[in-house]
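Notes to accompany the following structure.
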Amino acid sequence: MTPIAALFAVALVLVSAAMHTYWNLLVKRSEDQAIFMWMMMCAAVVIFLPVALFLIFAEGAGVRNLIYPIAGGVVQGFYCLWLARAYNHGDFSLVYPLARGAAPALIAIAAWPLLNERLSVSGALGIAVVFLGVLVLHAEGLSADGMRAMSRALRSRASGLAALCAVSIAAYHVIDKAGVKDSNPFVYNYAIHPAICVVLGLLIQPWRRMDSVRREWRERKWQVIIVAVLCFGAYFLVLVAMTLWRVGYVATARNISIVFAVARWLREQHLSSRLAGAALILAGIGVLAVAG
Numbered sequence: 010m011t012p013i014a015a016l017f018a019v020a021l022v023l024v025s026a027a028m029h030t031y032w033n034l035l036v037k038r039s040e041d042q043a044i045f046m047w048m049m050m051c052a053a054v055v056i057f058l059p060v061a062l063f064l065i066f067a068e069g070a071g072v073r074n075l076i077y078p079i080a081g082g083v084v085q086g087f088y089c090l091w092l093a094r095a096y097n098h099g100d101f102s103l104v105y106p107l108a109r110g111a112a113p114a115l116i117a118i119a120a121w122p123l124l125n126e127r128l129s130v131s132g133a134l135g136i137a138v139v140f141l142g143v144l145v146l147h148a149e150g151l152s153a154d155g156m157r158a159m160s161r162a163l164r165s166r167a168s169g170l171a172a173l174c175a176v177s178i179a180a181y182h183v184i185d186k187a188g189v190k191d192s193n194p195f196v197y198n199y200a201i202h203p204a205i206c207v208v209l210g211l212l213i214q215p216w217r218r219m220d221s222v223r224r225e226w227r228e229r230k231w232q233v234i235i236v237a238v239l240c241f242g243a244y245f246l247v248l249v250a251m252t253l254w255r256v257g258y259v260a261t262a263r264n265i266s267i268v269f270a271v272a273r274w275l276r277e278q279h280l281s282s283r284l285a286g287a288a289l290i291l292a293g294i295g296v297l298a299v300a301g
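Residue numbering for the sequence shown follows our numbering, starting at 10 and increasing by one per position.
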């Protein structure tokens, strides 16, 4: 892979990460996170249907094998459920970095036998540095007491749900890396969403929670639409990056979104550990960019 292609992939991931951070913040602020996420996924199916149909019928673009987006959509349906529940039990500053930060190590392990993507020494170092940065973000300061607080936080229910999110993130990244090859990334991304809607709908049963559905739409319909566009667009950019770069590197570089989220924490305590963790994440992503 050429350095220019690697830098282009990094640029795509940076834009995607900014979009991803913002839509997660909006989900966290909603009253019923699971219903909100189901509504935003269904909204994306409606919003992007004309573009998908144009690409399929006018341009001849398509998906090589529908098994991949269906499988990826099933996994993402569970991811949405676990993420909503994690946000219901824990703060954004705990759930988001753990869910995003733990995934790359799992992806790197799975991508070697499944996708034949072997990490270089520098690539493995970059992933390790990013993961270390995620752990430091959880510390309440850089003291021994702060590290003990981090250990307690990582044993909470919210952290357990975030860990399930990390496993699902790793799974759908590996599936989608295999599936997007020789497929149109936009059409592939669109094909994922109906499966997410069906699976998440079966899990949360919105027809039994119509009061929540009506309330979320009445009070947050524009947020639902905005998040639908941001979520779809963010992952479309990730899929394009996957066609250029190793999936483990893409997933790790996406953790720049954790650095973007640090701005939200600047009013909180423990600024030293927040900034130290963010610096480590940036350094790790820099190593990955050089690793190519």
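All residues carry an ideal CB built from backbone N, CA and C; glycine is no exception.
Apart from the five residues on each side of it in sequence, which residues of its chain come closer than 7 Å, Cβ to Cβ, to Cys240? Contacts found: Trp32, Met49 and Ala53.
With the cut-off set at 7 Å, would you say Leu21 and Val222 are in Cβ contact? No, the pair does not count as a contact, with Cβ atoms beyond the cut-off.
From Leu34 to Asn97, what does the alpha carbon distance come to, in whole angstroms? When the Cα atoms are used, Leu34 and Asn97 turn out to be separated by approximately 13 Å.
Tell me whether the region 121-138 and the region 55-73 touch, counting them as touching only if at least three CB pairs, one residue from each stretch, are closer than 8 Å. The region 121-138 vs the region 55-73: no contact.
Every unbroken beta strand (DSSP E) inside the region 38-79 [3 residues or more]: Unbroken beta strand (DSSP E) stretches of 3 residues or longer found wholly inside the region 38-79: none.
Hey, how far is the Cα of Gly286 from the Cα of Tyr105? About 14 Å.
State the CB to CB distance for the pair Ala243 and Met46, rounded to an integer number of angstroms; the pair is presumed to be in contact (CB under 8 Å). So it is not a contact: roughly 14 Å between Cβ atoms.
Distance between Ile116 and Gly86 (C-alpha atoms, nearest Å): One alpha carbon belongs to Gly86, the other to Ile116, and they sit about 19 Å apart.
Leaving aside the five residues before and after Ile201 along the sequence, list all residues of the same chain whose C-beta is less than 7 Å from its C-beta, in chain order. The residues are Pro78, Gly81, Gly82 and Gln85.
At 4 residues or longer, and completely inside the region 162-230: list those alpha helix (DSSP H) runs for me, N to C. Listed in chain order, they are 166-189 and 194-213.
Counting pairs of Cβ atoms below 8 Å between the region 106-115 and the region 225-234, do you hit three or more? Touching, no, given that fewer than three Cβ pairs across the two stretches are closer than 8 Å.
Quick check: the Cα distance between Ile118 and Ser266, rounded to an integer number of angstroms? Distance between the alpha carbons of Ile118 and Ser266 is about 22 Å.
Hey, Cys174 and Leu90: beta-carbon distance below 7 Å or not? No, they are not a contact pair.
Distance, Cα to Cα, Ala180 vs Arg224? Approximately 33 Å, taken between the alpha carbons.
Taking the continuous alpha helix (DSSP H) assigned at Leu146, which residues delimit it? Following the DSSP letters along the chain, one finds Leu146 inside the alpha helix (DSSP H) bounded by residues Val130 to Leu146.
Candidates Val176, Gly132, Pro203 and Gly110, of which the one nearest Val55 by Cα: Comparing Cα-Cα distances from Val55 to each of Val176, Gly132, Pro203 and Gly110, the minimum goes to Pro203.
Are the Cβ atoms of Leu58 and Val296 separated by less than 7 Å? Between Leu58 and Val296, the gap from beta carbon to beta carbon reaches 7 Å or more.
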